[in-house]
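Quick notes on the structure that follows.
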Amino acid sequence: MMNSHAMPAAERKVRVDLGDRSYDILIGPGLIAAAGNEIAARLKGRKVAVITDENVGPRYLEPLMASLKQKEIEAVTLVLPAGEKTKSFEHLIPACEAILGARIERNDAVIALGGGVIGDLTGFAAGIVRRGSRFIQIPTSLLAQVDSSVGGKTGINSPHGKNLIGVFHQPDLVLADTDVLDTLSEREFRAGYAEVAKYGLIDKPDFFAWLEKNWQAVFSGGAARIEAIAVSCQAKADVVAADERENGRRALLNLGHTFGHALEAATQYDSARLVHGEGVSIGMVLAHQFSTRMNLASADDAVRVEAHLRAVGLPTRMGEIPGDLPPAEKLMDAIAQDKKVKGGKLTFILTRGIGQSFVADDVPASEVVNFLREKHPK
Ligand SMILES: NC(=O)c1ccc[n+]([C@@H]2O[C@H](COP(=O)([O-])OP(=O)(O)OC[C@H]3O[C@@H](n4cnc5c(N)ncnc54)[C@H](O)[C@@H]3O)[C@@H](O)[C@H]2O)c1
Ligand SMILES: [Zn+2]
-18 MMNSHAMPAA
-8 ERKVRVDLGD
2 RSYDILIGPG
12 LIAAAGNEIA
22 ARLKGRKVAV
32 ITDENVGPRY
42 LEPLMASLKQ
52 KEIEAVTLVL
62 PAGEKTKSFE
72 HLIPACEAIL
82 GARIERNDAV
92 IALGGGVIGD
102 LTGFAAGIVR
112 RGSRFIQIPT
122 SLLAQVDSSV
132 GGKTGINSPH
142 GKNLIGVFHQ
152 PDLVLADTDV
162 LDTLSEREFR
172 AGYAEVAKYG
182 LIDKPDFFAW
192 LEKNWQAVFS
202 GGAARIEAIA
212 VSCQAKADVV
222 AADERENGRR
232 ALLNLGHTFG
242 HALEAATQYD
252 SARLVHGEGV
262 SIGMVLAHQF
272 STRMNLASAD
282 DAVRVEAHLR
292 AVGLPTRMGE
302 IPGDLPPAEK
312 LMDAIAQDKK
322 VKGGKLTFIL
332 TRGIGQSFVA
342 DDVPASEVVN
352 FLREKHPK
């Protein structure tokens, strides 16, 4: 891991260990062109339904179809609008109907080709059609490659909140083609990078230090990018294997997310103002600063975290979000709605320093409001 220059840009494989539901994540260049081979090697059936969005479809549907055709895999496709609003009942219906219309049976599969939105919606559709169909993820955003395509959480949003309707449905295979990230916008790439840095901050201090040195190489592609994605997938795979349904350790993956989700809600999920990874970036800095304030961690670590996220171009302070934010008390309401308050105490992911995060379930809500008042840009 430590010297990216010495490594060829070779493919990597991460295994998610879940007994008879175990699966491979393949990470590397050219995997869309190789999809037919990889799928044919694992799938008995010869039919798939491919669901994608309007940004990804025009770029990558054709090479995927060509690759499937070489292995005589028949495919039906559905192209949905891009964006978070697609994670809704409105678009779940055509997704389910497309899968049924393609006559996908036990040994066939549903393929999600796109970012986390397409992955979550398609996975949900695959999870409920015929009480569960085989499912293949071809994640095309950095966030989807390092986070949403791994672990089996699927679903859609409700006016009551994000991701409130869904099922656990593990994929049978994940193909993360690292070349496709070249067409992702800088901003979306950076947002996904926040989740990469998160794995270092949770429990991999060496990985965080490696990122501090190598982040430019990760952004420009090649071996360092593959390495960063592979380490991230392995980190998520380990957590998921230990705690598939989030009864304990899986909660660590929410580092920075309690603050981040509150900021996303405060900006009405308006991606022009804030995208998820940006909220996570600010949230991770806040989580470290709050841990310092609670005398858990040294202030130097919070400074180091902020310096790195700032260096890659991510926002690190609430004041960087365009437009006005609601007052600290309102942000606190959003945090409380994240359903984790018991008797004035909150469950939070805090840290004893870089790579030493832990689940704290007795954080006084009053301390959090005071902290938010201090950090609020006004
Ligand atoms: N299931 C999980 O465990 C999990 C975890 C984290 C996030 N999520 C969900 O993931 C979603 C966010 O995912 P996202 O950030 O990938 O968003 P997204 O799917 O909206 O993709 C971001 C944008 O990039 C475009 N895009 C994707 N790949 C591209 C490519 N290769 N080239 C050009 N454009 C491309 C998309 O069309 C979209 O406009 C959220 O809904 C979030 O709730 C789920
Ligand atoms: Zn996240």
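Under our numbering, the first residue of the sequence shown carries the number -18, and numbering increases by one thereafter. For each residue, glycine too, the CB sits at the ideal point set by N, CA and C.
Distance between residue j and residue i (C-alpha atoms, nearest Å)
i: residue -16; j: residue 185; result: The predicted model places residue -16 with a pLDDT of 46, which falls under 50 and marks its position as unreliable; any figure quoted below should be read in that light. About 16 Å.
i: residue 183; j: residue 168; result: 23 Å
i: residue 99; j: residue 65; result: 9 Å
i: residue 361; j: residue 318; result: Past the boundaries of the shown model lies residue 361; the chain is included only from -18 to 359, so the question cannot be answered.
i: residue 209; j: residue 177; result: 7 Å
i: residue 142; j: residue 234; result: 19 Å
i: residue 278; j: residue 340; result: 14 Å
i: residue -13; j: residue 215; result: Its pLDDT being 46, under 50, residue -13 is placed unreliably by the model, and nothing is read from it.
i: residue -18; j: residue 158; result: Note that residue -18 scores 49 on pLDDT, short of 50, meaning its location in the model is unreliable; the coordinates nonetheless yield the value given after this. Distance between the alpha carbons of residue -18 and residue 158: 20 Å.
i: residue 227; j: residue 274; result: 28 Å
i: residue 53; j: residue 225; result: 35 Å
i: residue 198; j: residue 237; result: 25 Å
i: residue 219; j: residue 283; result: 26 Å
i: residue 17; j: residue 202; result: 24 Å
i: residue 292; j: residue 84; result: 49 Å
i: residue 87; j: residue 151; result: 15 Å
i: residue 180; j: residue 192; result: 11 Å
i: residue 223; j: residue 211; result: 18 Å
Start and end residues, alpha helix (DSSP H) containing residue i
i: residue 18; result: 16 to 23
i: residue 74; result: 70 to 82
i: residue 200; result: 186 to 201
i: residue 102; result: 97 to 109
i: residue 42; result: 38 to 51
i: residue 28; result: Per DSSP, residue 28 belongs to no alpha helix (DSSP H); it is in the beta strand (DSSP E), 28 to 34.
i: residue 240; result: 238 to 247
i: residue 207; result: 204 to 223
heavy atom of ligand 2 below 7 Å from residue i C-beta
i: residue 266; result: no
i: residue 245; result: no
i: residue 128; result: yes
i: residue 220; result: no
i: residue 177; result: no
i: residue 261; result: yes
i: residue 289; result: no
i: residue 357; result: no
i: residue 374; result: Limits of the chain in this structure are -18 at one end and 359 at the other, which puts residue 374 out of reach.
Presumed contact (8 Å Cβ cut-off) between residue i and residue j, rounded CB distance
i: residue 335; j: residue 286; result: 7 Å
i: residue 368; j: residue 295; result: Residue 368 is absent from the structure shown; the chain starts at -18 and stops at 359.
i: residue 313; j: residue 255; result: Going by Cβ atoms, the distance from residue 313 to residue 255 rounds to 18 Å, so no, they are not a contact pair.
i: residue 260; j: residue 289; result: Between residue 289 and residue 260 the Cβ distance is about 17 Å, and since that is not below 8 Å, they are no contact.
i: residue 358; j: residue 265; result: At roughly 18 Å, the Cβ-Cβ gap does not stay under 8 Å, so residue 358 and residue 265 are not in contact.
i: residue 328; j: residue 272; result: That pair is no contact at about 14 Å.
i: residue 221; j: residue 132; result: 4 Å
i: residue 315; j: residue 246; result: 4 Å
i: residue 102; j: residue 72; result: 6 Å
i: residue 123; j: residue 154; result: The pair is not a contact, with the Cβ atoms about 19 Å apart (cut-off 8 Å).
i: residue 90; j: residue 129; result: Rounded, the Cβ-Cβ distance is 18 Å, inconsistent with contact.
i: residue 82; j: residue 57; result: 7 Å
Check: residue i C-beta below 7 Å from any heavy atom of ligand 1
i: residue 169; result: yes
i: residue 230; result: no
i: residue 311; result: no
i: residue 257; result: yes
i: residue 122; result: yes
i: residue 143; result: yes
i: residue 63; result: yes
i: residue 40; result: yes
i: residue 216; result: no
i: residue 119; result: no
i: residue 344; result: no
i: residue 101; result: yes
i: residue 96; result: yes
i: residue 34; result: yes
i: residue 372; result: It is not possible to answer for residue 372, since the shown part of the chain is limited to -18 through 359.
i: residue -3; result: no
Residue range of the beta strand (DSSP E) that includes residue i
i: residue 4; result: 4 to 9
i: residue 127; result: No beta strand (DSSP E) contains residue 127, which DSSP labels as neither H nor E.
i: residue 345; result: 338 to 345
i: residue 155; result: 154 to 158
i: residue 260; result: No beta strand (DSSP E) contains residue 260, which is instead part of the alpha helix (DSSP H) from 257 to 274.
i: residue 316; result: First-last for residue 316: 309 to 318, but that is the alpha helix (DSSP H), not the beta strand (DSSP E).
i: residue 118; result: 115 to 120
i: residue -5; result: -7 to -3
Short CB-CB distance (under 8 Å) between residue i and chain B
i: residue 309; result: Any reference to chain B falls outside this structure, which holds one protein chain only.
Self-check item: the stretch 28 to 40 / the stretch -5 to 11 touching (three or more Cβ pairs under 8 Å)
Solution: At 8 Å Cβ cutoff, the stretches do not touch.
Quiz prompt | the stretch 134 to 141 touching the stretch 60 to 75, judged by at least three CB pairs closer than 8 Å | solution = A contact is defined here as three or more CB-CB pairs under 8 Å, and the stretch 134 to 141 meets this definition with respect to the stretch 60 to 75.
Practice problem: Give a yes or no on contact between the stretch 88 to 106 and the stretch 34 to 53, applying the rule of three or more CB pairs nearer than 8 Å. | Solution: The stretch 88 to 106, when compared against the stretch 34 to 53, does touch it at the 8 Å Cβ threshold.
Self-check item: Cβ contact check for the stretch 71 to 82 and the stretch 102 to 114: 3 or more pairs under 8 Å
Solution: Segments in contact, yes.
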